[in-house]
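These notes are about the structure you will find just below.
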Amino acid sequence: MTPSLAPELAGRITRPAGPLVIDIAGVTKLYQMGEETIHALRGVSVKIHRNEYLAVMGPSGSGKSTLMNMLGCLDTPSEGRYEFTSKNVATMVDDELADIRNREIGFVFQTFNLLPRSTALANVELPLIYAGYSPAERKTKAIQAMQNVGLGDRLHHRPNELSGGQRQRVAIARALVNSPSIILADEPTGNLDSKTGVEIMALFEQLYAQGNTLIVVTHEEDIARHARRIVRLRDGLIESDGPVG
Amino acid sequence: MTRLIYELTESFRIAFAQIRANKLRSILTALGVIIGIVAVTLMGTAIRGIDTGFNKSLAMLGDDVLYVQKWPWGPVEDFWNYSNRPAIMPDQADKLNRIIEQTPNSLLEVAVPVSSRSTSVKYGENKVSGVFTIGTTADYGRLISADFSEGRLFNETEANGGRPVCVLGFDVAEAVFQSRSPLGATVLVGSHPFTVIGVVAKQGSFLGLFSFDNQVILPLEAFRKYFSVRRGAELRVKITDKTRVVDAREELIGAVRRVRGQLPGERDNFNINEQGAFKAQLDPIKQGIALVGLFITGLSLFVGAIGIMNITFVSVKERTKEIGTRKALGARRRTILLQFLIEAVSICLIGGIAGLALTYALVQVVSVTLPAIPVEFSVGLVFISMAVSIVTGIVSGFAPAWGASRLDPVVALRYE
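In structure tokens:
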């Protein structure tokens, strides 16, 4: 029997929310597709605090991906306010956004996005290079992150020598290594079998318990229910925003 | 700053990993650069070789010798004007020398008359025609820098007495006597017997046109006894200080005017020729050759550069998703730009080093098998070709690398 991805809700802890990290208010995003203007977001407001575990849900075309890009500082809003730890992201230029992403955001992708020719350790070290850490510091931090995701014995393996679940763990270690304010995971179990998916979600639970702030973007109800709060999008607007209960 | 160093180190690491991972592709791309660098550096060695040959040839004329002649070196327009000038006769050298002696602190050391014509040299059955035959005085020894491979130049007594002795150029001696020593033998210069008293060591040819080794030197008195001197001679004047050529030249003009009895206001009816002026005439030609040569070989390097640009575009395209990931993880535009530039430069440098090695080998082969072709390898060439490789890499890698650095991370991450 395939294990269910749905979590055991009874008896799980919810950490008290910390200070405000993300403050989005009245954000819109327009895309020009030839003659047509597409309103991917039509006025979205959301506040995310430290220690939150949030799921962003919505069918395709709901603006979910656009919101995720916005939250990940990969993109800026057409209109509206976006403050990340009180810094105004909406008006930042490319390199400033790159620095925010480097220091404040840990990305976990559906397709893992590891560099194929680098070892697991080198992959995890990558954000630290951009942050300007010395080789020795990089190594210490990266080994620590690898141990934290249970891969302390896989440091010098290349991605093609690792299983899907291990690859995603390496990606999570890479997201954690620079101690970001938020971890942003886009369909983290989308490319994994359900057993491995359960393991990854268990790891997320562990990270949450350790005090990390998690945002998981998904279209799977079972995955979303791991979070403590679910934001549902439809047609570029927030349909609902509330705790999992 | 330290961040930049870490990024650079990382970029080099990635660049070499990429090259290793795509060996064949990298080698084929580098081949274009190799060919370009070989062409450019070979041209460079050839130009250098020509230059050295030039200077060596010019040095044969002597950089401390002024030539008093009827004609200037180089092309003339008003032919008759020069042709009608009175001949320069050998005895004018004596008069000139007396003036030099009487001038205190003269910048001129000695004037030597040189008459010349073409004759043949014969010994037994062996005969060489078209030998450049000159008649001069014992002072000639003070002009030339060449050593004697055997024997000596005639002395003043022999010269003034018009003794039938001669000094052979290296090639003439070799052609007529093969491996035997010519010293003491009697050769026929034209149809007149002369005893060989010396052989000048090998000097090489002047710009590949005229061999200094194909000559025979006779005492002037003997020369004028058997060959006409009506066509005149030239006077070669050695100066005391080669840093003061201009002053020496002025002094010489005055002295020669006196010797030739020219009135004040009259235009000089002779020319003072010198190595420097010759050089000035030939330099533009030399530069023209260099420019055209470098342009043509530069084209092959240009083709190599296009190959690099192409492969960098391919590399950027292939790794669009990786670029997106790197940007998501905090890589700035500069980081991505540097990464691909370094990749392009690395391939160019590998090509450059291989090309340089190939050039070095070719130069060695050419200088052994075809010594007539002037090629010369130099340390400067190493630096220049490395610089050219780096610049090629930067120039050809820039457009694709710039494009990569400007990629929208959202678009790049979605790229499959």
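As given, the protein sequences belong to chains L and A, one line each in that order. Counting in my numbering, the first sequence runs from 6 upward without gaps. Counting in my numbering, the second sequence runs from 101 upward without gaps. From the three backbone atoms N, C-alpha and C, an ideal C-beta is built for every residue, glycine too.
Rounded to the nearest angstrom, the Cβ distance from Leu208 of chain L to Leu59 of chain L is 17 Å, too far for a contact under 8 Å. Within 7 Å of the CB of Ala431 of chain A, the CB atoms of chain L belong to Ala103, Tyr135, in sequence order along the chain. The beta carbon of Arg172 of chain L sits closer than 7 Å to those of Phe117, Leu119, Pro164, all from its chain and outside the five residues before and after it, given in chain order. An exposed status is given to Thr42 of chain L, since fewer than 16 other beta-carbon atoms sit within 10 Å of its beta-carbon. Among the residues of the segment 70-89 of chain L, those with a Cβ less than 8 Å away from any Cβ of chain A are Asn74, Gly77, Leu79, Asp80, in the order of the chain. Scanning its chain for C-beta atoms nearer than 7 Å, with the 5 sequence neighbours on each side dropped, one finds around Gly170 of chain L the residues Leu197, Thr201, Glu204, Ile205, in chain order. Closer than 9 Å to the CB of Gln118 of chain A there is at least one CB belonging to chain L. With contacts defined by Cβ atoms closer than 9 Å, Glu250 of chain A and Leu283 of chain A form a contacting pair. Of the candidates L:Leu189, L:Arg233, L:Gly16, the residue whose Cα lies closest to the Cα of Leu79 of chain L is L:Leu189. DSSP, read as helix, strand or coil, puts Leu429 of chain A in coil. Taking C-beta separations shorter than 6 Å and ignoring five residues to either side along the sequence, the partners of Pro121 of chain L in its chain run Pro164, following chain order. Note on the segment 80-113 of chain L: whole beta strand (DSSP E) runs with a minimum of 3 residues are 84-89, 110-113, in chain order. Taken in chain order, the complete beta strand (DSSP E) segments of 3 or more residues contained in the segment 278-346 of chain A are 286-289, 292-300, 315-319, 334-339. For the segment 170-234 of chain L, the continuous beta strand (DSSP E) assignments of 3+ residues that do not extend past its boundaries occur at 187-191, 219-223, in sequence order. Looking only at A:Arg103, A:Ile134, A:Asp164, the smallest Cα-Cα distance to Ile450 of chain A is reached by A:Ile134. The C-alpha of Val98 of chain L lies about 13 Å from the C-alpha of Gly430 of chain A.
Taking 9 Å as the CB threshold, Pro132 of chain L lines the interface with chain A.
When Cβ-Cβ separations below 9 Å define contact, Tyr138 of chain L makes contact with chain A. Selection A:Thr286, A:Leu108, A:Ser305 evaluated against Pro471 of chain A yields A:Ser305 as nearest (Cα-Cα).
Per DSSP, the continuous alpha helix (DSSP H) segment holding Lys195 of chain A begins and ends at 191-202. Using a CB distance cut-off of 9 Å, Leu120 of chain L counts as an interface residue toward chain A. Interface criterion not met: the Cβ of Asn153 of chain L is under 9 Å from no Cβ in chain A.
Nearest Cα to Ser216 of chain A within the set A:Gly235, A:Leu391, A:Arg198, A:Ser229: A:Gly235. The Cβ of Gly503 of chain A sits no closer than 9 Å to any Cβ of chain L. Annotation: the segment 222-269 of chain A contains the following complete segments of the alpha helix (DSSP H) (minimum length 4 residues), in chain order: 240-243, 256-260. Within 7 Å of the CB of Pro509 of chain A, the CB atoms of chain L belong to Leu79, in sequence order along the chain. Excluding sequence positions up to five before and after Asp313 of chain A, its CB lies within less than 8 Å of the CB of Gly269, Phe270, Asp271, Val272, Val300, Lys302, Gln303, Gly304, Ser305, all in the same chain and listed in chain order.
Between the alpha carbons of Val221 of chain A and Cys266 of chain A lies a distance of about 11 Å. Taken through DSSP and simplified to helix, strand or coil, Arg237 of chain L comes out as strand. Looking at the backbone, the Cα of Lys195 of chain A and that of Ile385 of chain A are separated by about 38 Å.
Nearest CB-CB separation between Ser123 of chain L and chain A: below the 9 Å threshold. Among the CB atoms of chain A, none fall inside 9 Å of the CB of Asp158 of chain L. Looking from the CA of Gly241 of chain L, the closest CA among L:Glu210, L:Asn183, L:Pro82 belongs to L:Pro82. Put simply, the CB of Asp198 of chain L is far from chain A, with every gap to its CB atoms at 9 Å or more. For Val221 of chain L, the closest C-alpha among the options L:Val154, L:Gly63, L:Ala45 is that of L:Gly63.
Counting of Cβ neighbours within 10 angstroms places Asn226 of chain A among the exposed residues, the total staying below 16.
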